[in-house]
Amino acid sequence: MNGQTRKSYRLILMGCLLTLSLIAFSQLNEPSVVRSNVWSCLNVRSDHDVNAVSVGCLASGTPVTVIDAVPFWRQIKFGNNQVGWAAKKFIEPLSPETAGDSADTSIPDSAFLTVHFVDVGQGDAIWIQTYDDGIDGNGKFEGYSIVIDGGPYSSDNSNPLLPYMESLGYHGASIEALIVTHPHTDHFSGAETISRHFSINNYYDPGYPSQLSSYGAFLSAMKTRAKNIHIGLQNFGQINWGSELKVEVLYAWNGDPQHVLGADNTLVNNSSIVLRIQYGQHVFLFMGDAEGKNRENDAATPRYVEKILLETVPGRLKANVLKIAHHGSETSSTLPFIEAVDPDIVIVESGRKNFSGTFLPDSSALRRYCSHNPNIKIYRTDQNDSQTARTERDAVDGDNIIIRTNGKGQLQVQAFDGGRPFTGNFCNN
Ligand SMILES: [Zn+2]
Ligand SMILES: [Zn+2]
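According to our numbering, the stretch in the sequence shown is residues 650 to 1078, in order.
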């Protein structure tokens, strides 16, 4: 590199830094509070650097106002208009905003949306029930059932989702929407069971051209069993599950053979439908198996779907409940993505499948959520399954998670470990 080139590189670099700092220093004004997880008190420093001089130490519960943000740090106003920087993980927003949408105040206190994350082993199986007000056809509170993926087991006596739904009185009922996030067997095989026992009004999948023969057979079956077929994002139309719900597809494979989505299994995972559902003040984000990096990449730089989401819909990612991507694999959950979603509750759907010595979730990926927010609640459908010498099959033991909300206040969570109530071990394992 000659001197001239070096000089122009330096100019470009300075330009970039200037732009970055302009973006980083946009003024915020968020009422917040020092979290209860601080050890004695929270050190406030003169700059966003652990070695910067301390300008104060705040007890947990102290009200502060966040006025600026850089990764991992927040600039806060505290006490008598004093200003300093503190570690972001110790600061809790007072009213967690849900992407700025005005809450639907027309939801009665008794109108609960229920989301079931069913233990199907290594795979996803999610059943969403909207509230039924008993008045059919008025466009809201229709008591719809929506199923996202069905897990890896397709026979009646092996798929836990089927008896789960039937035990709650849904024998033979209809399903408004069956969504297969992407054509991998741990997602679509169990959806086939469901289509044999329930009438399906709408079937959705991203339309990724999978060469799997089992998927071809599955798709043919869907075409005869579902009333309406929506294959490919361009055929989804406006999804309406009642006016009380705001449903958005934030991402699905768009048919473009782009190399930025990786190859082979990575590419199939990156075809996943990413769904955002808002009910009143609460937001659920369902990630399918969408990825954010390769296993060996560091977690600071998002790639693939997480990069696309951060670039295209940054304001739609903040969520109360995150169905973590790809069974909690190291290939998802990059730091900027976690920062943007900032979930209160993380749901991991996984089992005891041995992927050449690796079991999902990767503890490294879960630790990233805990370092982002030590108060985060992580619930898993493989809860304690590694404590005993479980096989892939007998680890499917009823570690179900049920979340209920009437769109305001606290989310109600019921979790199970082997069928027994489980209150959570969150970030302490
Ligand atoms: Zn999967
Ligand atoms: Zn997959």
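All C-beta atoms, glycine included, are put in the ideal place defined by N, C-alpha and C.
- Apart from sequence neighbours up to five positions away, the residues of its chain that approach Q1032 with a beta-carbon distance below 7 Å are D1048, D1066 and F1071, ordered along the chain.
- Only exposed fits F721, as fewer than 16 other CB atoms lie within 10 angstroms of its CB.
- In this structure, H975 is the residue among L810, H975 and D1046 with its C-alpha nearest to the C-alpha of T915.
- Taking 7 Å as the cut-off, one finds at least one heavy atom of ligand 2 near enough to the beta carbon of V917.
- Distance from the CA atom of D785 to the CA atom of F935, rounded to whole angstroms, is 28 Å.
- If you look at C1019, you'll find it isn't in any beta strand (DSSP E); it sits in the alpha helix (DSSP H) that goes S1012 to H1021.
- CA-CA distance, E945 to S1013, rounds to 12 Å.
- The closest heavy atom of ligand 2 lies 7 Å or more from the beta carbon of D1011.
- The Cβ atoms of F790 and A760 lie closer than 8 Å to each other.
- Residues of the same chain with a CB within less than 6 Å of the CB of E679, apart from the 5 flanking positions on each side, are V715 and P742 in chain order.
- Taking a contact to require three or more Cβ pairs closer than 8 Å, the region 896-910 and the region 797-808 do not qualify as touching.
- In the structure shown, K972 adopts extended strand secondary structure according to DSSP, grouped into three states.
- Under the criterion of beta carbons closer than 8 Å, I1050 and I996 qualify as touching, at roughly 6 Å.
- Along the length of the region 801-871, whole beta strand (DSSP E) runs at least 3 residues long occupy 823-828 and 848-854, reported in chain order.
- In the DSSP assignment, no residue is bridged to K967.
- Distance from the CA of C706 to the CA of Y819, rounded to the nearest whole angstrom, comes to 55 Å.
- Cβ neighbours of Y953 within its own chain (closer than 8 Å, five residues either side excluded): V909, L910, G911, T915, N919, A939, E940, G941 and K942.
- Taking Y852 as the centre and dropping the five residues before and after it, the same chain places the C-beta of L827, M871, A875 and I878 closer than 6 Å to its C-beta, in chain order.
- For N787, the three-state secondary structure derived from DSSP is coil.
- CA-CA distance, D717 to R1069, rounds to 44 Å.
- Boundaries of the beta strand (DSSP E) around K895: L894 to Y900.
- Cα atoms of N700 and I994: separation of roughly 32 Å, rounded to the nearest angstrom.
- L762 places its beta carbon 8 Å or farther from that of T961.
- Of the other Cβ atoms in all chains shown, fewer than 16 fall within 10 Å of the Cβ of R1016; this residue is therefore exposed.
- Measuring C-alpha to C-alpha distances from I888 to each of E825, A968, G1056 and Y813 identifies E825 as the nearest.
- Per DSSP, reduced to three states, the secondary structure at Q1032 is coil, with no helix or strand assignment.
- Taking 8 Å as the cut-off, the beta carbon of F837 is found closer than this to the beta carbon of F867.
- Residue pairing from DSSP places F933 in a beta bridge opposite I926 and V970.
- A direct Cα-Cα distance of roughly 5 Å separates V1062 from I1052.
- Your pair N969 and H931 checks out as a contact, with CB atoms roughly 5 Å apart and the cut at 8 Å.
- The nearest non-hydrogen atom of ligand 1 is 7 Å or more from the C-beta of G911.
- The Cβ-Cβ distance between E1041 and F766 does not fall below 8 Å.
- Taking 7 Å as the cut-off, the C-beta of D1046 does not count as close to any heavy atom of ligand 2.
- With respect to the 8 Å criterion, I775 and I797 are classified as neighbours on the basis of their beta carbons.
- In this structure R965 is in contact with L899, their Cβ atoms being roughly 6 Å apart against a cut-off of 8 Å.
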